[in-house]
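Read through the structure below, which is laid out as structure tokens, and then see the notes.
In the numbering used here, the protein residues as written are 122 to 435.
This is how it looks when you write it as structure tokens:
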């Protein structure tokens, strides 16, 4: 298929390269030039034996959209909030009925619902697709949580199938903001799971026994109840830095945990574990007792391992 991709950050650039390697035509635009040049270099290396160039660079959003054949597929991979809103307003000037606009960022599901309804007025098919898996999904396959116009989802199935290879997946959850709602709760759960791992390893680190935490993590990987993706990333972090020396446990939060807590309270659903994990992150910004704890350092290291988020050093 042909797809226009806006936003070549950590996730967007990897998704573009994966789609190119899967044989799709990818038209890109990014506000800054460096990520475009980096993508060109990586694509050239991976495509060295093939003269068929499927990557096209455009100078602005208007050129990107008018380069695409109808029905156009325009996929945004941008930070939630003002950046996405600004670009969507620009995209809306040029797309036409039956075109497909996809927001793959971590948008608040109520914003996605509003945008879905707005684009529907002009018969533009809008999808909010939560993209998970972090930077490792390029190799593992992307888990994609879709909501919006069903016919739009059906149309882009070849793109979703390619992104999901080899071990990812995708599913359509319903109209409007349904996909981003599922992704929001996923990230809220992630907060609680990371917090539990951080606290557990904090207890191990403070204990009376002289434990090799890397060996603990390796054994936790081997079929234990808590084995899985996050324990694997814990092992990766401890392999690189066994005592997490020099890491400052100031933990940023990108919004989804707070949205999950607020939505849980609105629905009368208990969110105590996620709320506590969110509070811990907030306190890490100004309480040294929190930011200097081993628990905070583990959470910070985990965010870097799976998402490429910056780790602050002392």
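Ideal placement from N, C-alpha and C gives every residue a C-beta, glycine not left out.
So the alpha helix (DSSP H) residue 301 belongs to, where does it begin and stop?
Start and end: 299-327.
In three-state DSSP terms, what is residue 263?
Here DSSP, grouped into helix, strand and coil, assigns residue 263 to coil.
Let me know the secondary structure DSSP gives residue 246 once reduced to three states.
Three-state result, residue 246: strand.
Close beta carbons around residue 290, own chain, < 8 Å, minus the five adjacent residues each side
The residues are 262, 264 and 265.
Delimiting residues of the beta strand (DSSP E) encompassing residue 123:
DSSP places residue 123 in the uninterrupted beta strand (DSSP E) bounded by 123-127.
To which residues does DSSP link residue 177 through a beta bridge?
For residue 177, the beta-bridge partners assigned by DSSP are 148.
From which residue to which residue does the alpha helix (DSSP H) around residue 274 run?
271-276 is the extent of the alpha helix (DSSP H) around residue 274.
State yes or no: is the beta carbon of residue 192 nearer than 8 Å to at least one beta carbon in chain B?
Structure shown: chain B not included; a single protein chain is present.
At 3 residues or longer, what runs of the beta strand (DSSP E) sit wholly inside the segment 187-233?
Within the segment 187-233, the complete beta strand (DSSP E) runs of at least 3 residues are 194-197 and 221-224.
Boundaries (first-last residue) of the alpha helix (DSSP H) holding residue 293
Membership of residue 293 in any alpha helix (DSSP H) is not indicated; the residue belongs instead to the beta strand (DSSP E) covering 290-293.
Verify whether the separation of the beta carbon atoms of residue 346 and residue 300 is less than 8 Å.
Against a cut-off of 8 Å, the Cβ pair of residue 300 and residue 346 comes out as no contact.
Anticipated Cβ contact below 8 Å, residue 429 with residue 131, distance rounded:
Between residue 429 and residue 131 the beta-carbon gap is near 5 Å, inside 8 Å, which marks them as a contact.
Buried or exposed (CB count within 10 angstroms, at least 16 for buried), residue 154
It counts as exposed.
Spatial neighbours of residue 432 within its chain, please: CB distance less than 7 Å, with the 5 preceding and 5 following residues excluded, ordered by chain position.
These residues qualify, in order along the chain: 368, 421, 422 and 425.
Rounded to whole angstroms, what's the CA-CA distance from residue 192 to residue 362? Just pull it up for me.
Those two C-alpha atoms are separated by around 49 Å.
In whole angstroms, give me the CA-to-CA distance for residue 316 and residue 227.
Distance from the CA atom of residue 316 to the CA atom of residue 227, rounded to whole angstroms, is 20 Å.
DSSP beta-bridge partners of residue 251:
DSSP output for residue 251 lists 266 as bridge partner(s).
Can you tell me whether DSSP reads residue 434 as helix, strand or coil?
Residue 434 falls in the strand class under three-state DSSP.
Give me the Cβ distance between residue 148 and residue 160, rounded to the nearest whole Å; I'm assuming they're in contact under 8 Å.
Cβ atoms of residue 148 and residue 160 stay farther apart than 8 Å, at about 12 Å.
Beta-carbon proximity check, residue 321 vs residue 297, cutoff 8 Å
At a Cβ-Cβ threshold of 8 Å, residue 321 and residue 297 do not count as neighbours.
Taking residue 370 as the reference, which of 336, 417 and 383 has the closest Cα?
Among 336, 417 and 383, the Cα nearest to that of residue 370 belongs to 417.
Local conformation of residue 419 per DSSP, three classes:
Here residue 419 sits in helix by DSSP.
Taking all protein chains shown into account, decide if residue 308 is buried (16 or more other Cβ within 10 angstroms of its Cβ) or exposed.
A residue is called buried once 16 or more other Cβ atoms fall within 10 Å of its Cβ, and residue 308 is buried on that count.
Less than 8 Å between the beta carbons of residue 331 and residue 342, yes or no?
Residue 331 places its beta carbon 8 Å or farther from that of residue 342.
If the criterion is Cβ atoms closer than 8 Å, does the pair residue 252 and residue 221 meet it?
For residue 252 and residue 221, no; Cβs fall outside 8 Å.
Could you check whether residue 360 and residue 334 sit closer than 8 Å to each other, using their CB atoms as the reference points?
Taking 8 Å as the Cβ cut-off, residue 334 and residue 360 do not qualify as a contacting pair.
Assign residue 180 to one of two classes, buried (16 or more other C-beta atoms within 10 Å of its C-beta) or exposed (fewer than that).
That one is exposed.
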